[in-house]
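S.K.: Shown below is the structure under consideration.
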Amino acid sequence: MGYRAVCRRALEAKACFRAPWLREAFDAVDRELFVPARAWAPERDEHGRWRFLDRDVDEDAWRRAVWDSHQSVITQLDDGRTGPVGPADGDFTSSVSALDIVCTKLEQLGLDAGHRVLDIGYASGYHTALLCERTGSERTVGIEVDPQLAAWGASNLKRAGYAPVLVCGDGMAGVPQHAPYDRIISTAAVRTVPWAWVRQLAPGGSIVTPFGTAYANSGLLRLNVRGEKAHGRFAGSAAYMWIRSERPTRALNVPEESTARSSPLDPAEVLEAGWEQDFVIGLHTADVAFSHRGDGADRRVQFVDQAGTSATIVRYRDWWQADAVKSWGPRDLWDEVVAAFTWYATQGRPAVTEFGLTVDSSGQHAWYGNTGHPLNTDHA
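Residues in the sequence shown are numbered from 5 upward in steps of one, following my numbering.
Here's what the structure looks like:
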């Protein structure tokens with residue numbers, strides 16, 4: 005059995021083809037036409053670098069990676085500054101997404117054959133080709149911010165026999181000249197759903213996008229437009245790269261003086277309980293990012309706000325001691341994170357699907373249960 009057939013069987017076993025058109029599109033679009041001969045797998049080699057895939061050297065390994073149902077293929081590192089010449093260490097900045105999450109997103113989209121659809125961040129063009137199979141090239145529009153990726157994806161689509169409208173530009177602005185759209189789908193994560201997307205939807209239209217915060221980039225959001233607002237719940241998990249203008253910052257400009265105190269609870273209880281807890285904490289503390297430092301007895305976690313005005317470092321070892329928490333700037337970020345954790349625990353740790361987002365001309369507002377119960381996101 006070939007790798008494509010193995011992948012198809014795996015997707016069927018995971019119920020990824022609940023929308024029948026997805027199976028038809030999978031069969032029609034050759035994914036190999038949209039993956040470069042040289043790329044990376046998102047797994048480390050023995051030297052700690054991303055494993056290199058070279059079709060000319062090991063075609064079997066390359067094809068196995070292309071048709072892995074649960075793993076993406078990394079097509080760009082460091083915005084193109086790191087070339088595909090061998091194993092490398094760097095930040096993922098473009099990929100051909102894993103097929104199981106692609107199917108999940110497209111099912112959430114609720115795409116009908118007669119819809120007009122906008123694909124945000126088309127990159128390789130594979131995702132756009134699947135959309136073309138459903139709606140036709142004449143009803144499909146794609147936008148890509150990176151000029152090199154845009155040209156490469158356009159070439160891939162043409163070679164595969166598709167002719168959607170393609171634009172090179174910032175996906176956050178949408179493509180107003182070809183609006184309105186019945187559906188908008190993004191292949192990159194946002195922290196702020198652009199009002200431009202909502203404005204470019206036809207009445208009754210929908211948006212599906214990966215959504216995250218500086219704290220946790222792991223949600224999948226579906227919004228439905230009703231009048232001058234868009235409302236929707238989080239549908240589950242989807243960890244995607246950020247739209248470039250949405251990448252969280254790490255700049256710091258904090259005072260030298262710090263304050264010290266003990267922690268009210270073990271940091272591990274807050275930071276090692278899974279993605280859903282992280283995601284909900286992030287909805288409360290939308291502009292707070294964290295990263296770990298050190299190992300073993302020296303393990304610490306650092307929190308920073310996106311404005312760069314505050315920072316907090318929490319020590320894991322002896323967290324109850326008077327010097328376990330050190331804060332700089334006007335905000336105690338650990339206190340904010342603990343407050344969000346306590347709220348989540350008090351509510352009985354509800355599923356992510358109990359939370360949602362409303363977007364209107366004034367901005368966006370996260371809520372729990374229904375739109376009448378907004379979350380406290382004063383610093384978002």
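Cβ coordinates follow ideal geometry from the N, Cα and C atoms, glycine included.
How about the stretch 99-110 and the stretch 18-34: do they share at least three Cβ pairs that are nearer than 8 Å?
M.R.: The answer is yes - the stretch 18-34 touches the stretch 99-110, with three or more Cβ pairs under 8 Å.
S.K.: What number of angstroms, rounded off, separates the C-alpha of threonine 362 from the C-alpha of threonine 196?
M.R.: Those two C-alpha atoms are separated by around 11 Å.
S.K.: Considering only the beta carbon of each residue, do leucine 113 and glycine 146 sit closer than 9 Å?
M.R.: Not a contact, by the Cβ cut-off of 9 Å.
S.K.: Is DSSP giving alanine 277 helix, strand or coil here?
M.R.: Looking at alanine 277 - three-state DSSP - the assignment turns out to be coil, as it is neither helix nor strand.
S.K.: Suppose you measure from the CA of arginine 304 to the CA of histidine 131; what does that come to, to the nearest Å?
M.R.: For arginine 304 and histidine 131, the distance between alpha carbons rounds to 40 Å.
S.K.: Taking all protein chains shown into account, decide if glycine 175 is buried (16 or more other Cβ within 10 angstroms of its Cβ) or exposed.
M.R.: Glycine 175 comes out buried.
S.K.: Restricting to Cα atoms, I'd like to know which of Arg230, Asp302, Thr346 and Asn221 is closest to glutamate 273.
M.R.: Glutamate 273 has its Cα closest to that of Thr346, out of Arg230, Asp302, Thr346 and Asn221.
S.K.: What span of residues does the alpha helix (DSSP H) with valine 10 cover, start to end?
M.R.: Run containing valine 10: 7-17, per the alpha helix (DSSP H) assignment.
S.K.: What is the DSSP secondary structure of alanine 384, reduced to helix, strand or coil?
M.R.: A caution first: alanine 384 carries a pLDDT of 47, below 50, which makes its placement in the model unreliable, though a value can still be read off. Coil, per DSSP.
S.K.: When burial is assigned at 16 or more other CB atoms within 10 Å of the CB, is arginine 143 buried or exposed?
M.R.: Looking at its Cβ environment, which holds 16 or more other Cβ atoms inside 10 Å, arginine 143 is buried.
S.K.: Ignore the nearest five residues each way along the sequence and tell me which others in isoleucine 188's own chain have a CB closer than 6 Å to its CB.
M.R.: Excluding positions up to five away in sequence, the list reads Leu122, Trp201 and Ile211.
S.K.: Sort out for me which residues DSSP pairs cysteine 107 with in a bridge.
M.R.: Beta-bridge pairing links cysteine 107 to no other residue.
S.K.: How would you write the range of the alpha helix (DSSP H) that threonine 346 sits in, first residue to last?
M.R.: It spans 337-350 - the alpha helix (DSSP H) in which threonine 346 sits, taken as one unbroken run.
S.K.: Return the chain-ordered list of same chain residues with a C-beta closer than 7 Å to the C-beta of arginine 27, the five sequence neighbours on each side being excluded.
M.R.: So the list reads Phe21, once near-sequence residues are dropped.
S.K.: Between the stretch 332-351 and the stretch 309-319, can you find at least three pairs of beta-carbon atoms closer than 8 Å?
M.R.: Yes: the two stretches touch, three or more of their Cβ pairs being nearer than 8 Å.
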